[in-house]
Every structure is written in C-alpha cells, then in structure tokens.
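As structure tokens, the structure follows; a few thoughts come after it.
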Amino acid sequence: MSSTPAPYTPAPGTEYPFSVSDIAYATAALLGNSWSAESGHWGVTGVLSGPCATSFVFTVDYEGDLCIQYDRFEADALPDSPNLPLGVQAWAEGVYLEDASAVDGLDDVALLSADAISAVLGQLDTESPASRQHYILTGRFLRQGEAAPA
-6 MSSTPAPYTP APGTEYPFSV SDIAYATAAL LGNSWSAESG HWGVTGVLSG PCATSFVFTV
54 DYEGDLCIQY DRFEADALPD SPNLPLGVQA WAEGVYLEDA SAVDGLDDVA LLSADAISAV
114 LGQLDTESPA SRQHYILTGR FLRQGEAAPA
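Just so you know, the sequence shown maps onto residues -6 to 143 in our numbering.
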C-alpha cells in the first residue's frame, strides 16, 4: 500500500465559483448603465469601461490579490489621493483588494470593487450625513447618487 496521497484533481470549473471576468461584469452592473465589461482570455482578466477615458483592468497578482489597474488621463481629473474604502490599497499601477478572496462571494467582491473605482474617480460620498451613517452601520460609504437601503 502506497503512502503517497492521490493527487487532487478537481473537475473543470469546480474549484472556484466565479472568474475574474465575472467580477468585472458584476462591478459594471453595480456602477450603472453607462458601464460595461469585457472578458479577457480564459476569463482570467476583465476590462471595465465607462463614462471616462480610463478603463479598469481586473487581474490577480502573484500573491493572489485582486488588482484593478488603470491609467490616469488628464480628461478624467482623477483625485491625486482618493479616499479608498477599507480593504483597498493603492499601488503603482492602480489599486488592489488586499484581503478579498473567492470565499467572500461574487456580490461582496464586486461591491468592494465598485466602491474602489468610485473612490478612484472621486465619486464616493464621504461627506453627507446619510453616507457617514451608512459607513458606521456597514463599513462602506455610499457612492454619489446611491440611496441608503431602507
């Protein structure tokens, strides 16, 4: 009898419940009708486009962090130091979600991604009493124009 364990070989599509491109599509839906997403090759990247010159590329780095890369265009007038949501860090090529994982679920990862992009664009409402109260209750600010759930 061999003491070598059998290799783990999951069936295709069963190890992770969603792909990186799925996150881009779900994020576009949260940001609104003026946003769209495209899947990269094999679904390992996703590109988000909207009402601004820059596009946002979703990737995973070698440490497993979900990264959102973007280029700064003068026409977008992006803030120099965006007020990023908790769990989102800046890096040289964009932002990354430091603790996000597939275990969090597609909806939560997409929501944090949408909040990160809104912050990069200067569209997080960090000033209104309703948004500040929402932050106290949920840990996230509202995006400009977003209503707090009843």
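We put the CB at the ideal spot given by N, CA and C, even for glycine.
As the structure is a prediction and not an experimental result, all values here were calculated from the model.
Span of the beta strand (DSSP E) around residue i
i: Leu90; result: Gly87 to Leu90
Exposure label - residue i; buried when at least 16 CB within 10 Å
i: Pro78; result: buried
i: Arg136; result: buried
i: Tyr63; result: buried
i: Thr38; result: buried
Per-residue DSSP class, three states only, for residue i
i: Glu31; result: strand
i: Leu59; result: strand
i: Leu104; result: helix
i: Asp197; result: It is not possible to answer for residue 197, since the shown part of the chain is limited to -6 through 143.
Proximity winner among the options, relative to residue i (alpha-carbon distances)
i: Gly33; options: Gly43, Val53, Phe66 and Asn26; result: Val53
i: Leu90; options: Arg65, Val81, Gly98 and Asp97; result: Val81
Sequence-distant residues of its chain with Cβ nearer than 6 Å to residue i (five each side left out)
i: Ser48; result: Val40 and Ser42
i: Ala19; result: Leu99 and Ala103
i: Ser124; result: Asp118, Phe134 and Leu135
i: Glu31; result: Val40
Close Cβ partners of residue i (< 7 Å) along its chain, the five nearest in sequence each way excluded
i: Tyr9; result: Ala95
8 Å Cβ shell around residue i - same chain, five flanking residues per side excluded
i: Ala109; result: Ile61, Leu77, Pro78, Val81, Val88 and Leu90
Residue-level contact to chain D via CB, residue i, 8 Å cutoff
i: Asn26; result: The structure shown has no chain D; it contains just one protein chain.
Residue range of the alpha helix (DSSP H) that includes residue i
i: Met82; result: Note that residue 82 is Gln in the sequence shown, not Met. Premise fails: Gln82 lies in the beta strand (DSSP E), Val81 to Trp84, not in any alpha helix (DSSP H).
i: Thr20; result: Val13 to Leu24
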